[in-house]
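Those letters in the sequence shown? Residues 1 to 173, by UniProt numbering.
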Amino acid sequence: MGLFSFVKEAGEKLFGGSQAHAAPAPAPAAAPAAAPAAPSQDELNSRAGKAIETYVASQNLGVSDVKVKFDGPEGKVTVTGTAPTQAIKEKVTLCCGNVASVTSVDNQMSVTNPEPEAQYHDVVRGDTLSAIAKKFYGDANKYPVIFEANKPMLSHPDKIYPGQKLRIPPLDK
Numbered sequence: 001m002g003l004f005s006f007v008k009e010a011g012e013k014l015f016g017g018s019q020a021h022a023a024p025a026p027a028p029a030a031a032p033a034a035a036p037a038a039p040s041q042d043e044l045n046s047r048a049g050k051a052i053e054t055y056v057a058s059q060n061l062g063v064s065d066v067k068v069k070f071d072g073p074e075g076k077v078t079v080t081g082t083a084p085t086q087a088i089k090e091k092v093t094l095c096c097g098n099v100a101s102v103t104s105v106d107n108q109m110s111v112t113n114p115e116p117e118a119q120y121h122d123v124v125r126g127d128t129l130s131a132i133a134k135k136f137y138g139d140a141n142k143y144p145v146i147f148e149a150n151k152p153m154l155s156h157p158d159k160i161y162p163g164q165k166l167r168i169p170p171l172d173k
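So this is what it looks like as structure tokens:
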């Protein structure tokens, strides 16, 4: 599947954005002993990875053994586990990537029932599912195919936003 790029500022707000990108500055030597230590970059990455894992689980996609590693300074997510179909694997990629602060996803999940990969579309201002369907399928009335392919991340056909990446599955013949 490869590495997929996403818009860093777009998506679900699952964790503290700027906190996840840079380790905190070291505390001054004269800091009071009672002050709690700021979390390390590894702790921030771990928290962000767990937040994304929880978000993927909340989508009820039927995946198993999902593990998410997040590299805050790079904004990169690496996800492993098992998906029942290629379509579900692709939805996991979108779940991980359509999160604020994520710039790329390396989906290393295995697929129980392999099938052809989908295409992708980065939503721009003014896009509608109908216009995207017209572009990819030649028929604006095929927008429900795209909507269904992106559920449960999409809750309504009119609720897409610039920077979001959508899965465009092949049409069944």
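Beta carbons: idealized from backbone N, C-alpha and C, even for Gly. Values in this document were obtained by computation on a predicted structure and should not be read as measured data.
Exercise. Taking the alpha carbon of T82 as the point to measure from, which residue in P73, G126, C95, K67 has its own alpha carbon closest?
Worked result: Here residue 82 refers to the residue found at position 82 of the sequence shown. In terms of Cα proximity to T82, the closest of P73, G126, C95, K67 is K67.
Exercise. Taking C-alpha atoms, which residue in F4, A133, A57 lies nearest to N141?
Worked result: Here residue 141 refers to the residue found at position 141 of the sequence shown. Of F4, A133, A57, the residue nearest in Cα terms is A133.
For this session: Name the one or two DSSP bridge partners that A100 has.
Result: For the purposes of this step, residue 100 is taken as the residue at position 100 of the sequence shown. Bridge partners of A100: none, in fact.
Exercise. Along the chain, where does the beta strand (DSSP E) that runs through I168 open and close?
Worked result: For this step, residue 168 is matched to residue 168 along the sequence shown. DSSP places I168 inside the beta strand (DSSP E), whose first and last residues are 165-168.
Exercise. Distance, Cα to Cα, S40 vs G75?
Worked result: Residue mapping note: residue 40 aligns to position 40 of the sequence shown, counting from 1. Residue mapping note: residue 75 aligns to position 75 of the sequence shown, counting from 1. Those two C-alpha atoms are separated by around 16 Å.
Exercise. Counting pairs of Cβ atoms below 8 Å between the stretch 44-54 and the stretch 83-93, do you hit three or more?
Worked result: The answer is no - the stretch 83-93 does not touch the stretch 44-54, with fewer than three Cβ pairs under 8 Å.
Problem set entry | DSSP state of T93 mapped onto helix, strand, coil | Start at 1 with the first residue of the sequence shown, and residue 93 comes out as number 93. Of the three classes helix, strand and coil, the one that applies to T93 here is helix, per DSSP.
For this session: Using a threshold of 9 Å, state whether the C-beta atoms of G72 and F4 are closer than that.
Result: Counting from 1 along the sequence shown, the entry for residue 72 is found at position 72. Counting from 1 along the sequence shown, the entry for residue 4 is found at position 4. Result no, Cβ atoms of G72 and F4 do not sit closer than 9 Å.
For this session: For D139, collect the residues of the same chain with a Cβ closer than 7 Å to its Cβ; drop the 5 residues on either side in sequence, then sort them by chain order.
Result: Here residue 139 refers to the residue found at position 139 when the sequence shown is read from its first residue. A133, listed in sequence order.
Problem set entry | C-beta contact flag for A100 and L154 at 9 Å | Numbered from its first residue, the sequence shown carries residue 100 at position 100. Numbered from its first residue, the sequence shown carries residue 154 at position 154. No, they are not a contact pair.
Problem set entry | Same chain, Cβ closer than 6 Å to F70, five either side skipped, listed in chain order | Against the sequence shown, residue 70 aligns to sequence position 70. So the qualifying residues of the chain are N45, A48, G49, V77.
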